[in-house]
Structure formats: structure tokens, C-alpha cells
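Below: one structure, written as C-alpha cells.
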Amino acid sequence: AHNSTINSSTKFTPHELVFGSKFHFPWMLNLSNKNLQKFNVHTQTLHNKIKTVRDAAKVNNTKAKAIREKLFNRNISKEKFYPGDDVYVKNFKLENKFSKKYNGPYKIHKVFKNQTAKILIGDTKKTVHLNKLKKAFLRNQHKQHQMTLRQRK
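Numbering of the sequence shown is given in our numbering, commencing with residue 14 and proceeding in unit increments.
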């Protein structure tokens, strides 16, 4: 059943990709076929057929991969971080379910192009990947932000 099932990403059966022809069940064989080809002609046509099927499967697979990647990344938000921002750092050492999930807030000292940032933890600087950071909106900043929004109106 597996060899005769069409794959959703390649649009071909595994049997077609390996042998270059559709899967034939034993009761489907037609032994009365008198159209026999020479061996080297048969192998050459089979080789060409397998090559075209595999090329088509490769194209179909890259299309399916792009669709899967788009669906996987559809909810990702690219948050921008700048030097001076207050951030929380993800805590991976949770002792129990009531532990804090983030530590901080800390200040960002420098942001690098390789998706990392150097943050200030007390007097020391630590490099952290941006995926492990979450922006911190402190109360003073929140009040200032609300005031600027009111002034714009």
C-alpha cells in the first residue's frame, strides 16, 4: 500500500520514483504483450523516464517545502531591539511551575547583525540570542508612552 500511495509533496508514488513506472499488482500483468524491445533500448528509455519523474518530484517537493515553511512562519513577529531597550531574558532553569519564566529587566548594550544582543547584567555584559529576549515595558515607560499618545491627539 505504501509504494502505491501518491506522496503529497512529490506528487508521485515511491514506486514511480524508484522504478520509473506505476505500480502494477500481480493480477494486472499482461503476459501476452508481444512488443518486446532490445535490452539497451529498454534500459535507456527507463533511465530517461526515471530522470524526468525524479526531476518533476524535486520541483514538486521544493514547492511543498516553500508552502510548509510559509505556514510554519506565518505567526512569527519580528520584534526590533535597539540599544537602551529594557528586556527580559528567558529563564530555562525553571525549578517548578510557579518559577519566573523571565529574568530581568536588563538593558541592551549593543545589538549585532547575527541576531544576538549584548545585555548589561549588573556590571557584566552577556551575549544573548534575540529569540530569548522579550521587551520590558516598565511602569515609567508605560506612563510616558501614554502621555505621548495623548499629546498626539
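Glycine included, each C-beta is placed from N, C-alpha and C at the ideal position.
Please read these numbers as outputs of a predicted model, since none were measured by experiment.
Assuming the contact rule is C-beta atoms closer than 8 Å, Ala-77 and Ser-21 should be a hit. Round their C-beta distance to whole Å, please.
The pair is a contact, with the Cβ atoms about 7 Å apart (cut-off 8 Å).
When the Cα of Asn-61 is compared with those of Phe-36, Leu-30, Thr-75, Val-72, which residue comes out closest?
The shortest C-alpha separation from Asn-61 is found at Leu-30.
Give, in chain order, every unbroken run of the alpha helix (DSSP H) that is at least 4 residues long and sits entirely within the region 37-123.
As for any alpha helix (DSSP H) of minimum length 4 sitting wholly inside the region 37-123, the runs are 52-85, ordered along the chain.
Provide the residue(s) that pair with His-142 in DSSP beta bridges, ordered along the chain.
His-142 pairs with Thr-129.
What's the call for Ile-19, buried or exposed, on a 16-neighbour Cβ count within 10 Å?
By the Cβ-count criterion, Ile-19 is exposed, with fewer than 16 other Cβ atoms from all chains shown falling within 10 Å of its own Cβ.
For Lys-147, write down the residues that DSSP places opposite it in a beta bridge.
Per DSSP, Tyr-101.
Quick one: is Tyr-95 buried, meaning 16 or more other Cβ sit within 10 Å of its Cβ, or exposed?
By the Cβ neighbour-count rule, Tyr-95 is exposed, with fewer than 16 other Cβ atoms within 10 Å of its own.
Of the residues Ser-34, Tyr-119, Leu-59, which one's Cα is nearest the Cα of Asp-99?
Residue Tyr-119 is the option with its Cα nearest to Asp-99.
Determine whether the beta carbon atoms of Lys-169 and Lys-103 lie at a separation below 8 Å.
Here the chain has residues from 14 to 166 only, and residue 169 is not among them.
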